[in-house]
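Enquirer:
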Amino acid sequence: MSTTSNPNDLNARLRSRTEADRRQIEETMASEQRRLGERLRAVASDALLTIEGDTVATVARVRVILLNAWLRPLVVGLILFVGISGGSWGLMQWLSAGIQRRIETLAALEVRIEDARGTLAGIEETTWGVTLLEIDGDRFVVLPVGTMDHPPWTVGGRPALKLSSE
């Protein structure tokens, strides 16, 4: 056998060798790409789990902050508002009831005063202006002005008669 090679054989061997090397490179690249893809999926999955865990922790912290910073003061403020409003309403009801009682008492007293004035006017009419007074233990009958020319006693410029103390 002769070991001579011709350019066509060399060219065909070179082509087959190049084709084999290319297939091997493609297979190696495909294998490396699969391993890289699996690693990237694993890293992305770990990152997603970490993000989810951090998000849950952050949400929990935000809830606590909202509870402490907003909700509790809001509830305390509402309770204080309702308490102060209720107390003010109760105080106003009590005060208005007291004022209403005093107004009704004043109206009743004014009616009684008018009745007493009417009674006094009637008494003065029936007594012809004569009044009875006691001054320092002495009793006097005070007469209307002009009833006596030279009275023995006068009280407030009006003629008077002194009564015995027996």
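Just so we're aligned: the sequence shown equals residues 407 to 572 in the working numbering.
Every residue, glycine too, gets a C-beta built ideally from N, C-alpha and C.
All of these numbers come straight from a predicted model, not from anything done at the bench.
At 3 residues or longer, what runs of the beta strand (DSSP E) sit wholly inside the stretch 514–560?
Expert: For the stretch 514–560, whole beta strand (DSSP E) runs of length 3 or above, ordered along the chain, are 537–541 and 544–548.
Enquirer: By the DSSP assignment, the beta strand (DSSP E) with L567 in it spans what residues?
Expert: Residue mapping note: residue 567 aligns to position 161 of the sequence shown, counting from 1. Per DSSP, L567 belongs to the beta strand (DSSP E) from R564 to L569.
Enquirer: Would you tell me roughly how many angstroms separate the C-alpha atoms of P558 and V517, rounded to the nearest one?
Expert: Mapped onto the sequence shown, residue 558 falls at position 152. Mapped onto the sequence shown, residue 517 falls at position 111. Using only the alpha carbons, I get a separation of about 41 Å.
Enquirer: Quick one: give me the first and last residue of the alpha helix (DSSP H) that A475 is part of.
Expert: Reading the sequence shown from its first residue, position 69 is the one you call residue 475. Element bounds for A475: n/a, residue is neither H nor E.
Enquirer: Suppose the cutoff is 8 Å on Cβ atoms and the five residues either side in sequence are ignored; what does the same chain contact list for F573 look like?
Expert: Because the chain spans 407 through 572 in this model, residue 573 falls outside it and cannot be assessed.
Enquirer: Please state whether the Cβ-Cβ distance between L567 and V547 is less than 8 Å.
Expert: Translated into positions along the sequence shown, residue 567 becomes position 161. Translated into positions along the sequence shown, residue 547 becomes position 141. For L567 and V547, yes; Cβs fall inside 8 Å.
Enquirer: For T424, I'd like the list of residues in its chain whose CB is within less than 8 Å of its CB, leaving aside the five on either flank, ordered along the chain.
Expert: Within the sequence shown, numbered from 1, the residue matching residue 424 stands at position 18. Closer than 8 Å at the Cβ level, and outside the excluded window around T424, lies no residue.
Enquirer: Based on Cα-Cα distance, which residue from I471, T560 and D415 lies nearest to V545?
Expert: On the sequence shown, position 139 is the one that residue 545 refers to. Per the sequence shown, the amino acid found at residue 545 is Arg instead of Val. The residue with the shortest Cα to Cα distance from R545 is T560.
Enquirer: Check M407 in the structure and name its three-state DSSP category.
Expert: Position 1 of the sequence shown, counting from 1, holds the residue named residue 407. In this prediction, M407 has a pLDDT of 49, which is less than 50 and means its spatial position is unreliable; nothing more can be read from the coordinates.
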